[in-house]
Amino acid sequence: MTLLVIAALLATIAFVFLMQSLWAGKQPKNLSTKILASAVTLLIALAILAASGRMHWIAAVGAAVLPFLRRGFSLLRYLPYLARLMSMWPTAHANPNTSGSQQTETSTQELRMRLDHESGDIYGEVLVGRHEGRALSDLSPIEIKELYLALKETESRRLMEAYADRYHPKILGPKPEDSSAVSPEMTHGRALKVLGLSTGATKDEIVVAHRRLIQRMHPDRGGSSFLAAELNAAKKFLMEE
Numbered sequence: 000m001t002l003l004v005i006a007a008l009l010a011t012i013a014f015v016f017l018m019q020s021l022w023a024g025k026q027p028k029n030l031s032t033k034i035l036a037s038a039v040t041l042l043i044a045l046a047i048l049a050a051s052g053r054m055h056w057i058a059a060v061g062a063a064v065l066p067f068l069r070r071g072f073s074l075l076r077y078l079p080y081l082a083r084l085m086s087m088w089p090t091a092h093a094n095p096n097t098s099g100s101q102q103t104e105t106s107t108q109e110l111r112m113r114l115d116h117e118s119g120d121i122y123g124e125v126l127v128g129r130h131e132g133r134a135l136s137d138l139s140p141i142e143i144k145e146l147y148l149a150l151k152e153t154e155s156r157r158l159m160e161a162y163a164d165r166y167h168p169k170i171l172g173p174k175p176e177d178s179s180a181v182s183p184e185m186t187h188g189r190a191l192k193v194l195g196l197s198t199g200a201t202k203d204e205i206v207v208a209h210r211r212l213i214q215r216m217h218p219d220r221g222g223s224s225f226l227a228a229e230l231n232a233a234k235k236f237l238m239e240e
C-alpha cells in the first residue's frame, strides 16, 4: 500500500513538473533533460500502478480529461503571444497615455498655473511664501484669499483671480476695473501658448482654437474675465500679424 501511495505521488509530481516545463515560455538550461527525467519518472510510476492492478481508475480519469488535454495542447502555440501580452500589462498601467489632453502653462515669480484645454480645469502651484510648494486645490477658501492679498505681482493676482472665479466665485470680493485687462507683454510665442497652437498655425486654426477655448473660459459659463481677455488678445495678435 505504501508503494502504491509513493508511486501515485511520484506520478502526480512528475506530471505537474512536466506540464509546468512545457507551459513555461522560457527555455532554461537543461530543460530537455528535466522533461525527459519527468517523463521517465511518470512512466515508472504508472508501470507500478499498472502492475498492482490499480490502473483502472487512472484510465477512467484519463479518458475524462483527455478531451481537455487535447484542447490545452492545441493552445500551447499561443503561449508566446500570451506571454508577450502579460509582459506588457504592467507597463500599460505604469505608463498611462498622457498625450490626450493639451495644456497651457503660465508662470510668474509667485505662481505656476496650467490650463487644461479639454476640460477647462485650472491647476495652480504656489512658488513662494508660506504656502510654497502647495497646490491651489489643497488650499482652503480662506487661504486662497490670504494668498491673493499677499501676492505682489499684477500678473500673479490676475492668475489668482482666474482661478478663484472658476472654483471660489466672489470670494475675493470686488476687483479693480482693470482686473480683466490682458497682460501687456503679449508676444507671438505667448499667444500660441495661450491658444494651444504650434508655430505655423493657419488663421483658420487660430479661429477654431479660440472658439473652442472661449466657450469654456467665458465668464458667462463659469470662466474667468482675465482668461477670456487673454484668449481674445492672443487671437487678435496672431490674426493681425
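Residue 240 is where the sequence shown ends in numbering that gives the first Met the number 0, and the numbering goes up by one at each step. Ideal placement from N, C-alpha and C gives every residue a C-beta, glycine not left out.
Check	Outcome
Reference Val206, options Gly132, Leu194, Gly199, Glu229, closest by Cα	Leu194
Extent of the continuous beta strand (DSSP E) run through Glu204	Looking at the DSSP string, Glu204 is not in any beta strand (DSSP E); the run it does join, the alpha helix (DSSP H), is 202-216.
Extent of the continuous beta strand (DSSP E) run through Met238	Here Met238 belongs to no beta strand (DSSP E); instead the alpha helix (DSSP H) covers 224-238.
Given 8 Å, three or more beta-carbon pairs between the region 184-194 and the region 142-149	no
Inter-residue Cα distance where the pair is Leu171 and Ile213	23 Å
Beta-carbon spacing of Glu184, Lys151 below 9 Å	no
Closest Cα partner of Ser155 within the set Leu135, Leu230, Met238	Leu135
Residue environment, Lys202, which counts as buried when at least 16 other CB atoms sit within 10 Å	exposed
Classification of Met112 by the beta-carbon crowding that lies within 10 angstroms, buried from 16 upward	buried
According to DSSP, residues forming a beta bridge with Ser106	Arg111
Same chain, Cβ closer than 7 Å to Thr105, neighbours up to 5 away in sequence not counted	Met112, Leu158
Bridge partners - Gly123, DSSP secondary structure assignment	Met112
Cut-off 7 Å between Cβ atoms - residues of its own chain near Tyr80, not counting five sequence neighbours on either side	Residue confidence is low: Tyr80 scores 46 on pLDDT, short of 50, so the model does not pin down where it sits. Its coordinate-derived value is still stated next. So no residue of the chain qualifies.
Chain-order list of residues whose beta-carbon lies under 6 Å from that of Ser86 (same chain, five-residue window excluded)	Residue confidence is low: Ser86 scores 41 on pLDDT, short of 50, so the model does not pin down where it sits. No coordinate-derived value is stated.
Sequence-distant residues of the same chain with beta carbon closer than 8 Å to Glu240, five excluded per side	His187
Proximity winner among Tyr122, Gly132, Thr153, relative to Thr292 (alpha-carbon distances)	Absent from the model: residue 292. The displayed extent of the chain is 0 to 240, so no value can be given.
Residues near His92 in its chain [Cβ-Cβ closer than 7 Å; skip 5 each side]	The pLDDT assigned to His92 is 37, lower than 50, so where the model puts this residue is not dependable, and the model offers no usable value.
Thr153: first and last residue of the uninterrupted alpha helix (DSSP H) it sits in	153-166
Expected contact under 8 Å - CB spacing of Ile143 and His167 to nearest Å	6 Å
Cβ neighbours of Leu114 in the same chain (closer than 6 Å, five flanking residues each side left out)	Thr103, Ile121
Top-ranked residue by Cα proximity to Glu124, from Arg133, Leu138, Ser118	Arg133
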